[in-house]
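One structure is given below, encoded as structure tokens.
In UniProt numbering, the protein residues as written are 1 to 210.
See below:
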């Protein structure tokens, strides 16, 4: 793969991984409630979950979703219910958590991206834009996944560490509660924007109406 294309993939990965989304909002909320160090297993779990999405899409699962309205509907229903549950948990998080409170761990992070519509939209777009039929498919997929993984750790960490800074700077329980509610709202907004940008709901609505 040419260096120019790799640079474009890197810029694309930074723009998608670093932008606000449900997982970044959760990482920020975790950092705000538990600190960066205690949130690190949760962070690594989320990156591992994104790797699963990348591999599943490369094996054709992403295409299966786009060609089956029923599977799309089931997946979106499960995803939205899970995101709503997470948003509720974030909004209702106790702003006065003690150091002994149980923080989300690796497995909690692992499931985030497989149920995150933005993750599927992102990697499907990456493969469709940057994979060339003239070059070995497996090699191109491996390079794209590697670039996303390299980008994910520092940029996801920034969101988590941003939450950690809020934890240090904000001492008012009322303000902490307001921050949690805001992060929960932004999670839902990011999911809605991702679905609208991908036009996922249009074929679903069309199939239901026919």
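C-beta atoms are modelled at their ideal positions from N, C-alpha and C, and glycine is treated no differently.
Note that the coordinates shown come from a computational prediction; the quantities given were computed from them, not determined experimentally.
Do the region 78-90 and the region 150-165 touch if we need at least three Cβ pairs shorter than 8 angstroms?
no
Can you tell me whether residue 140 is helix, strand or coil according to DSSP?
helix
Using the beta-carbon count (16 or more within 10 Å), is residue 74 buried or exposed?
exposed
Tell me the DSSP secondary structure of residue 7 in three-state form.
helix
Three Cβ pairs or more, each shorter than 8 angstroms: is that satisfied between the region 1-8 and the region 129-148?
yes
Selection from 180, 137, 14 that minimises the alpha carbon distance to residue 158:
14
Residues near residue 110 by beta carbon distance below 7 angstroms, same chain, minus five either side:
45, 48, 49
With 16 other CB atoms within 10 Å as the buried threshold, where does residue 126 fall?
Residue 126 is buried by the Cβ-count criterion.
Quick one: which unbroken alpha helix (DSSP H) runs of 4-plus residues sit fully inside the region 126-179? Chain order, please.
Listed in chain order, they are 137-169.
Suppose you measure from the CA of residue 78 to the CA of residue 113; what does that come to, to the nearest Å?
Approximately 13 angstroms, taken between the alpha carbons.
Which same chain residues, not among the five before or five after residue 58, have their C-beta less than 6 angstroms away from its C-beta?
141
I need the DSSP call for residue 92, collapsed to helix, strand or coil.
If DSSP states are grouped into helix, strand and coil, residue 92 belongs with coil.
Going straight from the alpha carbon of residue 33 to that of residue 52, what length do you get?
27 angstroms
At the level of alpha carbons, what is the spacing between residue 156 and residue 70?
About 32 angstroms.
8 angstroms CB neighbourhood of residue 98 in its chain, flanking five on each side removed
Annotation note: pLDDT 48 at residue 98 (below 50); position unreliable, coordinate value reported separately. None.
Taking the C-alpha atoms as reference points, what is the distance between residue 17 and residue 151?
A straight-line Cα-Cα distance of about 7 angstroms links residue 17 and residue 151.
Between residue 31 and residue 39, which are expected to be in contact by the criterion C-beta below 8 angstroms, what is the C-beta distance as a whole number of angstroms?
5 angstroms
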